[in-house]
Amino acid sequence: MKEDWTVDVDNAGQGTVTHHAAPAFTAFWTSGEDGQPDAGEPCWTSSGSGPEDTIHIFGWTWLEPAPAPEALDALMQQAATAVDNWIASRF
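My numbering puts the first residue of the sequence shown at -3, with every later residue one more than the last.
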């Protein structure tokens, strides 16, 4: 069975996170206080335990209908947790 989340970083250093369960989407991510994307782009941020632990999720593309606005925050928190776990597994 495929995992619900795939987290990766490409050769150029761009992070991606993909949710395979409904509602499926793919997005970019960065971490740290200097990693915030351009101000004009929608972005969801998890502050973590401090500036170095901040995770920004942005540029999402829905592969299925987008969730209701009230469900978006919980889904993005799950994405941030998947990214955080991926980062932790690299140490």
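All C-beta atoms in this analysis are idealised placements derived from N, C-alpha and C, irrespective of residue type, glycine included.
Nothing here was measured: the structure is a model prediction, and the numbers come from that model.
Could you pull the start and end residues of the alpha helix (DSSP H) that Thr77 belongs to? Pro65 to Ser85
Residues bridged to Asp30 by DSSP? The partner list for Asp30 (beta bridge, DSSP) is empty, contrary to what the question assumes.
When we look at the beta-carbon of Trp56 and count the other beta-carbons within 10 Å, is it buried (16 or more) or exposed? buried
Expressed to the nearest angstrom, what Euclidean distance is found between the alpha-carbon atoms of Thr14 and Leu68? A straight line joining the alpha-carbon of Thr14 with that of Leu68 spans about 15 Å.
Compare the beta carbon distance of Ile51 and Ser85 with 8 Å and say whether it is the shorter of the two. No Cβ-Cβ contact shorter than 8 Å links Ile51 with Ser85.
Secondary structure at Asp49, three-state DSSP: helix, strand or coil? helix
Taking only three categories from DSSP, how would you classify Ser43? DSSP places Ser43 in coil when its eight states are reduced to three.
Grab me the residues of Phe54's own chain with a C-beta within less than 6 Å of its C-beta, minus the 5 sequence neighbours each way, in chain order. Phe24, Pro33, Glu37 and Cys39
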